[in-house]
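Report on one structure; see the data block that follows.
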Amino acid sequence: MNHLTPGLGHYTNLDELRPAVEQCHQCRLRDTAHGVVFGEGNPAARIVFIGEGPGAEEDRLLRPFVGRAGRLLDQMLAAMGLDRERNAYILNIVKCRPPGNRTPAEDERSACLPNLDAQLRILAPAIVVLLGSTAVQTLVDPAARITKVRGQWVQQGARWMMPTYHPAALLRNPGWKRDAWDDLKRIIDKYRELVDPAHYSPHYP
Ligand code: SF4
37 MNHLTPGLGH YTNLDELRPA VEQCHQCRLR DTAHGVVFGE GNPAARIVFI GEGPGAEEDR
97 LLRPFVGRAG RLLDQMLAAM GLDRERNAYI LNIVKCRPPG NRTPAEDERS ACLPNLDAQL
157 RILAPAIVVL LGSTAVQTLV DPAARITKVR GQWVQQGARW MMPTYHPAAL LRNPGWKRDA
217 WDDLKRIIDK YRELVDPAHY SPHYP
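Per the numbering used here, residue 37 is the first one in the sequence shown, and the count goes up by one each step.
See below:
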């Protein structure tokens, strides 16, 4: 199996990057997945949401966050005044479904990082929302626990990152939704500060 880092640094737009990522076979996840889930949204979005990896529905349709957790994410976005077609972009740490929805292994996350790096370099978001432990452990701190770090901003260069609960965790633990909404309100505040002072959120005017 080839674990060489793909040369993705020269791509300057997502339409050109997409076929390169969709041909990726840099880790074992590609052997069992139906295909590569690149991500979707408005390429001009200033806010990006990053989950863990595709589930069964996502693998079948090759689209991110389209199962139960995806529907909850869409509701969360709508409450914030965002949606994936208009002003948000949605990605995952690994682009191929881990068998049985297991957590992606460290070497699988590392193998996929050049894909994510290339996407983020092109998107150049002002705000990155890290959905769950895998996203925060991959991009911020391998030892981080989402229950401890959620709701706290992490600044990396010009990029502001906020860890919060993954929608799948909120489906398992509905009692966490209140804390999650507190996090989302802080993200709306930052979006108004950095991107659009007039941004309208139906549940946080
Ligand atoms: S998970 Fe990422 S690194 Fe692994 S094969 Fe799929 S696209 Fe490539």
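Beta carbons are placed, not taken as given, at the ideal position from N, Cα and C, and that holds for glycine.
Suppose you measure from the CA of residue i to the CA of residue j; what does that come to, to the nearest Å?
| i | j | result |
| --- | --- | --- |
| Asp-110 | Gln-62 | 30 Å |
| Glu-229 | Ile-223 | 10 Å |
| Phe-85 | Ala-141 | 21 Å |
| Val-57 | Pro-100 | 14 Å |
| Ser-237 | Gly-117 | 4 Å |
| Thr-68 | Asn-137 | 12 Å |
| Glu-246 | Tyr-227 | Look at the range of the chain in this structure, 37 to 241, and you will see that residue 246 is not part of it. |
| Ile-158 | Ala-81 | 11 Å |
| Asp-177 | Ala-171 | 9 Å |
| Ile-182 | Val-102 | 23 Å |
| Gly-271 | Arg-96 | Outside the shown range of the chain (37 to 241) lies residue 271, about which nothing can therefore be said. |
| Trp-189 | Leu-206 | 20 Å |
| Leu-175 | Gly-211 | 26 Å |
Going by C-alpha to C-alpha distance, which of the options sits closest to residue i?
| i | options | result |
| --- | --- | --- |
| Ala-194 | Gly-187, Arg-208, Leu-206, Ala-160 | Ala-160 |
| Thr-200 | Glu-88, Pro-134, Ala-154 | Glu-88 |
| Arg-66 | Val-130, Lys-184, Arg-54 | Val-130 |
| Ala-115 | Ala-171, Asp-218, Thr-48, Thr-170 | Asp-218 |
| Thr-139 | Asn-209, Ala-204, Val-190 | Ala-204 |
| Lys-184 | Ala-162, Ala-154, His-239, Asp-215 | Asp-215 |
| Lys-213 | Leu-149, Leu-97, Gly-187, Asp-95 | Gly-187 |
| Leu-167 | Leu-108, His-235, Leu-98 | Leu-108 |
| Gly-220 | Gln-191, Ala-105, Ile-83 | Note that residue 220 is Leu in the sequence shown here, rather than Gly. The residue with the shortest Cα to Cα distance from Leu-220 is Ile-83. |
| Asn-209 | Leu-98, Cys-60, Ala-105, Glu-94 | Ala-105 |
My output table needs one value for residue i: the three-state DSSP class, helix, strand or coil.
| i | result |
| --- | --- |
| Ile-129 | coil |
| Phe-85 | strand |
| Leu-166 | strand |
| Arg-104 | helix |
| Thr-174 | helix |
| Glu-229 | helix |
| Gly-211 | helix |
| Glu-121 | coil |
| Gly-45 | coil |
| Gly-136 | helix |
What does DSSP give as the partner residues of residue i in its beta bridges?
| i | result |
| --- | --- |
| Glu-144 | BP columns for Glu-144 are empty, so no partner. |
| Val-190 | Met-197 |
| Glu-94 | Per DSSP, none; premise fails for Glu-94. |
| Gly-77 | Tyr-125 |
Could you check whether residue j and residue i sit closer than 8 Å to each other, using their CB atoms as the reference points?
| i | j | result |
| --- | --- | --- |
| Arg-133 | Ile-126 | no |
| Asn-151 | Leu-50 | no |
| Met-112 | Val-164 | no |
| Gly-75 | Asn-128 | yes |
| Pro-55 | Val-73 | no |
| Ala-162 | Gln-173 | no |
| Tyr-240 | Ala-154 | no |
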